[in-house]
Structure formats: structure tokens, C-alpha cells
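Have a look at the structure below, then the notes.
Protein chains: 2
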Amino acid sequence: MLSANELQLRIFRLQEMLSEKGVHAALLLMPVDIYYFTGTRQNAALWIPADGQPILLVRKSLSRAREESPIADIRPFPSSKEISAILGQEHATVGMTFDAVPVQQHAYYSKVLPGRSFVDISMIVRELRSVKSPYEVGQIRNSAAKLSSVFAEVPQFLKAGMRELDLASEMEFRLRRIGHEGYVRMRAFNQELFGGMAVSSGATSYGFFDGAVTGKGLSSASPQGASLDEIRMNEPILVDFAGVFNGYISDMTRMFVIGSLDPELERAFDVALEIQEAVRVAMVPGAICEDIYQQAASMAGEAGIGGNFMGMPGEQSRFVGHGVGLELDELPVLAQGFSMPLMAGHVVAVEPKFVLPGKGVIGIENTFVVTEHGGERLSDLPDAIVSI
Amino acid sequence: MLSANELQLRIFRLQEMLSEKGVHAALLLMPVDIYYFTGTRQNAALWIPADGQPILLVRKSLSRAREESPIADIRPFPSSKEISAILGQEHATVGMTFDAVPVQQHAYYSKVLPGRSFVDISMIVRELRSVKSPYEVGQIRNSAAKLSSVFAEVPQFLKAGMRELDLASEMEFRLRRIGHEGYVRMRAFNQELFGGMAVSSGATSYGFFDGAVTGKGLSSASPQGASLDEIRMNEPILVDFAGVFNGYISDMTRMFVIGSLDPELERAFDVALEIQEAVRVAMVPGAICEDIYQQAASMAGEAGIGGNFMGMPGEQSRFVGHGVGLELDELPVLAQGFSMPLMAGHVVAVEPKFVLPGKGVIGIENTFVVTEHGGERLSDLPDAIVSI
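Just so you know, the protein sequences line up as chains A and B, in that order.
Last residue of the first sequence: 391 (my numbering), numbering continuous.
Last residue of the second sequence: 391 (my numbering), numbering continuous.
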């Protein structure tokens, strides 16, 4: 359970940011945002005035909300007629997270809260959530330790001739048994992910996923992750999974091979490690996200494999790292176009990868927290390609 | 791969419905809707004019979209300045699915498509998708057959003393190995589900999930499904999983017990079977959804357990069945307040369940298709409680 102090600090920081922007109250509807500020994940609406006490209005389950959350004012969801009076009518400007809230919800609250003007506070909420407290860094470190323990078992079950799906199932099974919570939350409305991917020959399939690797998947309805392709000798096998423990996500990738790899892949892997280390060193407060991406892309270019960095030629993603926390796609993003500076407590999965058509995918991924001394690694397992 | 004929028919039916409602074009953004009409699930926008040819604008991956979809006009996503001219300016009224599309997306398209008025076509798209073609019924039957084959294996691995999580992991592992695609799509913006649930003593925990049973889950961040509680002798064990194969979802629940059950639970189970059969018989075209729910609730009331129907007393859900297809929460819903009539080809998971505080959860679930002769069952496995 989240401590009342931790929650109070989160609410206080939001109130400060609302006040700075001249927003009188936040109306939060996304379950993950509500969990962040209350410690309970219910079907609910959370009202946080810039100046005053939060009110949690719960559709389902009121009893569980009251058991789990230290918020003092938790009520059953009111009727449409009552809600305006309950929240108070002195708040002219109300913030909602327009990045994720559907149009119908916005329309409903516009109707039942007449006279307020609604503004987008997606970036406020996402920026606030991107800076992790010591408690949260501890949670992500714990998540990474559990995830690492299963990665360490791969040599026990990886065999030539098994399908990508068999390898993925073994990872998923072991992760679940040690408490992986299963569902991996993503915020972007057109993204979805099931756990991760274990891919070899299907790895170079391109797809919708905002990453270097999508995987072939099992059908055109679910075109992502492991496929029915067999894992063969001397092919790069990329295992990329998200850990989800007590809500907190860690993300890592390791490479495996049964036999040995093409020297070009090995060389690209070395470049990926060099990029990872350069990014790690650069991860200090004040560093600009896109500068770090540009540095990584330049290193790939200097190594002669710039066209293979972060995706198939023509299908490249323009990033090298993404924030993780309660969602897989949090801020900051080490990407082209992101001019925000890093802050101490940002947690980023750094994942330089290369796609070499005809040869496969190679790369590394670890989760780091930004500190004054550069990125501190939270996923503690050797990076080297594991040869079986 | 979806046949061009199947897709053509879907597009034609949408165009008819748009014309009837005076909507000049649909702009579809939800990946699952785009898949339904194109046969490819990409990060894209799909334009379907009431009168004319569809255009698929693809952010990622253009190559995969072209490989998978028979749609003739597939293009890279245009710049903000080009999009209005590409789609044509003669469409004054444009439909979007306001139930699922975020406010930011709506704002973006309002800006780049000036002069159009945007209207909500959520119900048009959901109603259209709710009526399954013979191909789709075949897909759901296949999904249910695979799901049933794993339910049939439960006696091989269910043991007293294992945790709910161990039972769930075994189900998930076996389902994955036969091709379960993992991610279970839900449309409602505040719902989420990981696969299903295997619950015994944790079953009576209440929670956010729009169902009779939520499960305790592993933490307050993921308060749903299996917990770390041990499965004990003589307790009802409820196993409720969704199958996802080639995108299509089937849904079923079976009861297990190691030893024997309290006679009150057995009696409630018999009532659940009677309700299931009454609902099945009532599932003919023209029957009104909420009438069927009311009939089910009355039967529970007459048996003296109306207060335990579909949830803990005080936490009851007011439904007895939900549509399934590419999403777990499709139309129709056999629920209070749903006055729509059933149509031939509607596919519904019927799930009468009872929560008896202090004793546990008991019930049944099968997936049926509406026909002139009542519901035809797609999940072919005996209903009886399996005693081990």
C-alpha cells in the first residue's frame, strides 16, 4: 500500500503545477492517474482542486477504494444533477488529460459541470509522473531484479527448433509465477503490448509498434511479438520484456544465440553497447532529450550502420529511450523533437538496437534513473550476448 | 487473411448506415475498427466516405498494411496541410467514434479538416460490428474450441495448496502455446483485463471490473484476477478466461473443486444453469436485451438468491451477458437499460454467477450465437462442476 505521505506529496506537487498554470482544479479520469494520486485503481473520477482537498467519486468499487486509499473524502459517484454542487462552482478552469480521455467523457463532464472551461493538463500530469520518488525508484529496481532473474533462466529453456511462441510462453510463465501482474499499461491510444517479445527470424517484420522491433506476431489481428517461426542455430534471438510488479514497469532486452553470430551482428552489438554507455553518461539533470538521441544516432552513423538504427531502413523509429513507471510509454523520451531537459529521478529504458535485413535484429536495453553522476542502472544483469 | 469480399461487405454496410444517418464519411482511428474494415492493424487513420472508395493513411507500418490489406488506396500519412485535399472537401459531416477517440485526436482532425462538422458514430460502428458474419462465427467457434481444450486439461494441474496465481499461470501458459494472442482488447476506457481469472478464496474481493467477479489480484495497482491466496479443499474454484485466436474472442467459465462443495453453492450452481438455459432459449432475433436480463434476475430472485446475483450484495452488476468479437465488451449487452433487440448473428457470452459471502463464487459462462432457434452454443464442453 502507498503511504499517505507519498500520496500527499504527489497531490501537493500537482496543486503547485495547477496554480502555476492558472488551472483551478484537475478532474482525473484515467485509472492509472487516479491510482497515482490515491493508491487505488477503481472505476472513478478524481477531483483535485489547486487549493483544497481531493474528492474521489467512485462508480466501482467504493468499498475497495475506501480500504486501499488514505484519501479522506471518498464518495459514491453522484447523479448528473448533484455533481456540480459537490465539486463546488468556484473553479472556472478545470484540467483534464486530453491525451487519453475520450470525447464522450469530455462531453459528459462539460454538460454536468456547466460554466467551467476545460483545458488540457496531459503534459502537467505526465511531467509530474515522470519524476520518480525514492519509493518509486525502489519499486522499479525491484521490478527489474525480478525481471532479470527470469532473463537469467533463459539458457535453461532456450532450444533450437522451438518456436518463438514457445520461448515467449516460457518467459511469460516464469514471470507470472514470481508475481508479474500481466497487463502492461500503455498510454498512447493506438498502441498495445502483450508482455514483450521473444523473436528471431520474425524479428525483422515491421509493424505498428512504436519501437525498433515489432515482431511478426500470430496473425494480422495481433501483428506483434512472437510468431510460430522456429528458432534456428546461429540466428540472433532478441528477448525484450517488460516487468510489471506492484504496478511498476522495468524494461530490458538481452540477446541470445544457439551457436554463433555473424560478425556483422556482433559488431553492431558492440556499437549498441557503446551507445548505451554514452547515453548513460549523458543522463544528467539538464541534458536535453533530443541531443542525447542525436548523439546516439551520430554514433550509429559513424559506425556505418545509421540506416539500420532503431528499425528497418525506411521503418526507423527516431528515439533511443523512453520513460517507464506505471506505464511503458512515459516521459521523458530520448527522441527527435523532444527538447525537454532531463531531471533527477527520471527513469528511462535505453534501448539502442539495429535491424540488419537478412541477418536479424541486435541490441540491448536496460532501465536507468537520471542522477547527477549520470544514469544509474536499475537492471542488474550482464549485457553480453548469451551463447548456448 | 481476411477475404476482400468479407471486407467489401463490411464497408458497404457501414456506408449504408452512414447514408441513413446523413453522415458523409467516417474517419476511423481505433486500431480494432481499422482492422475490422481493412484486415490490417496499423497505426493509421481510415477514411470511408458514404459514397466512394476508402483511403487508408498509415503512420506505421505502410509496408505491412500494403501486404495485409486488400484496400486499394493505401498511402503514407500525409502532412497536416495535405490531408484536407486528399480526403476531399465535399463531406460536410464526418463521423468519429467519440466513445474511444481521445479529445486530442478530435482536436487535431478538427483543425486539419476545417469546415467539417464532426459527429459521434460510436453506436453505428459498434452495432455494425456486433452482427457477426458466418466467417466471424466460425472464428469465434474456433477460438472457443481452443479455449475449451485447455479448460479440459485443468484436472491435470489443479492441486490443493497451489496459489490462485499458479493456476492462472498454468492456464495462460497452455493457452499461449496453442496460439492465444495474449492481449485481450476492451473498448471501455476505464477497463482492462489480463487474460482472465482463476480465483477461489480471493474470488469474493470486489473491484473495478465490470463483471460479477473481479478477483483480488496481486496489488492495489493491479487489483484483478488471481492472487497469492492458496487454493484449499472444498472451496469453489472459478476459472474464467477469454480465448483470443486470430483476433476473435470467446469467453467461458467453469467451476472446479478439490473435494466437495457446500450444498448452498451447489444449489446456486443449478440456478445458474437454469438461467443459462432460459437465456439461451430467449436468444432469438427481436428479443429485447433488458427483458432477458430481467428474466434472469427474476429467476435468481425466485430461487431466493437475487441479492447474490452477479456480484456481492451492494456490488452487483446489472447484466447477465455481453457481446464478444474482436473486443471483450461488444454489443449487445443483456443488461438493465439496454432496450435494443437481438439480431441473428449477435454473439453473446452468457454468464450467470452468484457471490455468496463467506462461501465463494459460483456460476457458468458460455458463448452463444443468436439464431431463429435460440442461442447456438459455440463453446462445447460439459458445464458440470469438475470435482477433483
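Every residue, glycine too, gets a C-beta built ideally from N, C-alpha and C.
| query | result |
| --- | --- |
| Given that Gln45 of chain B touches chain A, what residues does it touch there, using C-beta distances under 7 Å? | Phe211 |
| With 8 Å set as the bound, which would you pick, yes or no: does the beta-carbon of Leu116 of chain B sit closer than that to a beta-carbon of chain A? | no |
| Which of the three DSSP states, helix, strand or coil, is assigned to His376 of chain B? | coil |
| Can you tell me where the alpha helix (DSSP H) with Phe154 of chain A in it begins and where it stops? | 137–154 |
| Determine, for Asp254 of chain B, whether the minimum Cβ-Cβ distance to residues of chain A falls below 8 Å. | no |
| Between the Cα of Ser72 of chain A and the Cα atoms of A:Pro57, A:Pro81, A:Ser83, which residue gives the shortest distance? | A:Pro57 |
| Report yes or no: is there a C-beta of chain B within less than 8 Å of the C-beta of Gly289 of chain A? | no |
| May I have a chain-ordered list of the beta strand (DSSP E) segments no shorter than 3 residues that lie completely inside the region 319–369 of chain B? | 322–326, 333–338, 350–353, 356–359, 363–366 |
| Name the chain B residues that come within less than 8 Å of Gly182 of chain A, Cβ to Cβ? | Leu168, Leu221, Leu231 |
| Tell me the residue span of the alpha helix (DSSP H) that contains Lys24 of chain A. | 7–24 |
| Does the Cβ-Cβ distance between Phe197 of chain A and Gly228 of chain A come in under 8 Å? | yes |
| How should Leu2 of chain A be labelled, buried or exposed, when 16 other C-beta atoms within 10 angstroms of its C-beta is the threshold for buried? | Nothing in the structure corresponds to residue 2 of chain A, since chain A is present only between 4 and 391. |
| Please report the residue range of the alpha helix (DSSP H) in which Phe192 of chain B lies. | Run containing Phe192 of chain B: none; DSSP gives neither H nor E here. |
| Who are Glu70 of chain B's beta bridge partners in DSSP? | DSSP output for Glu70 of chain B lists no bridge partner at all. |
| Within a Cβ cutoff of 6 Å, which residues of the same chain sit near Gly98 of chain B, ignoring the five residues on either side of it in sequence? | Val26, Ala29, Val122, Ile124 |
| What are the residues that DSSP puts in a beta bridge with Thr43 of chain B? | Paired residues: none, contrary to the question. |
| Nearest chain B C-beta to Gln63 of chain A closer than 8 Å, yes or no? | The residue asked about is misnamed: residue 63 of chain A is Lys in this sequence, not Gln. So, interface residue. |
| Does Glu195 of chain A come within less than 8 Å of chain B when only Cβ atoms are used? | yes |
| Taking only the alpha-carbon atoms, compute the straight-line gap between Met286 of chain B and Phe322 of chain B and give it to the nearest angstrom. | 15 Å |
| With a floor of 3 residues, list each beta strand (DSSP E) that falls wholly inside the region 216–294 of chain A, ordered by position along the chain. | 240–248, 251–260 |
| Given that a residue counts as buried once 16 or more other Cβ atoms are within 10 Å of its Cβ, and exposed if not, what is Asn237 of chain B? | exposed |
| Name the chain A residues whose beta carbon is nearer than 9 Å to that of Ala103 of chain B? | Pro105, Val106, Gln107, Phe192 |
| Look at the Cβ atom of Gly199 of chain B, then the Cβ atom of Ser208 of chain B, and state whether they are nearer than 8 Å. | no |
| Against Arg67 of chain A, what residues of chain B qualify as contacts under a CB-to-CB distance less than 7 Å, listed in chain order? | Tyr209, Gly210, Pro226 |
| Between the C-alpha atoms of Ala224 of chain B and Gln45 of chain A, what's the straight-line distance to the nearest angstrom? | 10 Å |
| Contact criterion: CB-CB distance below 8 Å. Does Gly42 of chain A meet it with respect to chain B? | yes |
| Determine, for Phe259 of chain A, whether the minimum Cβ-Cβ distance to residues of chain B falls below 8 Å. | no |
| So, using beta-carbon positions, are Ala75 of chain A and Thr43 of chain A closer together than 8 Å? | no |
| Suppose you measure from the CA of Leu231 of chain B to the CA of Val153 of chain A; what does that come to, to the nearest Å? | 19 Å |
| When you compare the CB of Glu156 of chain B with every CB in chain A, is at least one pair closer than 8 Å? | no |
| In its own chain, which residues sit with a C-beta less than 6 Å from the C-beta of Gly314 of chain A, not counting the 5 before and 5 after it? | Ala215, Ser320, Val358 |
| Could you name the residues that DSSP lists as bridge partners for Leu30 of chain B? | B:Trp50 |
| Compare the Cα-Cα distances from Arg179 of chain B to each of B:Leu150, B:Gly164, B:Leu161 and report the closest residue. | B:Leu150 |
| Rounded C-beta distance between Ala95 of chain B and Arg119 of chain B? I'm assuming under 8 Å. | 6 Å |
| Tell me, please, whether the CB atom of Tyr38 of chain B is closer than 8 Å to any CB atom in chain A? | yes |
| Considering only residues of the same chain and omitting the five flanking positions on each side of Asp383 of chain A, which have a CB-CB separation below 8 Å? | Ala147, Ala148, Ser151 |
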